[in-house]
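Residue numbers (the numbering used here): 1040 to 1151. Just so it is clear, CB atoms sit at the ideal spot from N, CA and C, and this is done for glycine as well.
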């Protein structure tokens, strides 16, 4: 898991650098916000070494819906998110806004 997480983090750093070089930092930030939920679900699933099918079985959410969430193509209901959260022993809650990467801080997905 640590190797994959590092590879993903390195990829995102490269994308961020390329975006900054092209003057597209706002677009990169919007991209990050759009995929924050997807990133959280992927990381929670991979921390358990689960496949999408295993998460589907544990949560009662169809695998196809989990796939759409992980690709950032779904608008899941609160109930769907709650089922996923419960299956990985997490809760859903509001989090404080994260400072902009321009301020020197890195955005990270957070879960309660």
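C-alpha gap between residue i and residue j, whole angstroms
i            : j            : result
residue 1129 : residue 1064 : 32 Å
residue 1054 : residue 1112 : 20 Å
residue 1069 : residue 1048 : 17 Å
residue 1097 : residue 1060 : 43 Å
residue 1116 : residue 1062 : 35 Å
residue 1118 : residue 1092 : 19 Å
residue 1141 : residue 1067 : Any reading at residue 1141 needs caution, since the residue's pLDDT is 47, under 50, leaving its predicted position unreliable; the model's value is listed next. One C-alpha to the other measures close to 11 Å.
residue 1058 : residue 1072 : 15 Å
residue 1087 : residue 1131 : 18 Å
residue 1052 : residue 1046 : 10 Å
residue 1050 : residue 1133 : 27 Å
residue 1135 : residue 1090 : 30 Å
residue 1114 : residue 1120 : 10 Å
Continuous alpha helix (DSSP H) stretch holding residue i: start and end
i            : result
residue 1110 : Element bounds for residue 1110: n/a, residue is neither H nor E.
residue 1131 : Taken as a continuous stretch (DSSP letters only), residue 1131 belongs to no alpha helix (DSSP H), as it is neither H nor E.
Residue i versus the options, residue with shortest Cα-Cα distance
i            : options                : result
residue 1123 : 1114, 1100, 1113       : 1100
residue 1075 : 1091, 1110, 1089, 1056 : 1110
residue 1125 : 1133, 1058, 1095       : 1095
Residue-level contact to chain D via CB, residue i, 9 Å cutoff
i            : result
residue 1129 : Looking for chain D here will not work: only one protein chain is present.
Any non-hydrogen atom of the ligand HEM within 8 Å of residue i CB
i            : result
residue 1068 : Of the ligands one can find in the structure shown there are none, so the ligand HEM has no counterpart to examine.
- Going along the chain, which unbroken runs of the alpha helix (DSSP H) with 4 or more residues stay wholly within the region 1063–1092? Fully enclosed alpha helix (DSSP H) runs of no fewer than 4 residues occupy 1064–1073, 1075–1086 of the region 1063–1092, in order along the chain.
- If you pair each beta-carbon of the region 1102–1116 with each one of the region 1076–1086, do three or more pairs fall below 8 Å? Yes: at least three Cβ pairs fall under 8 Å.
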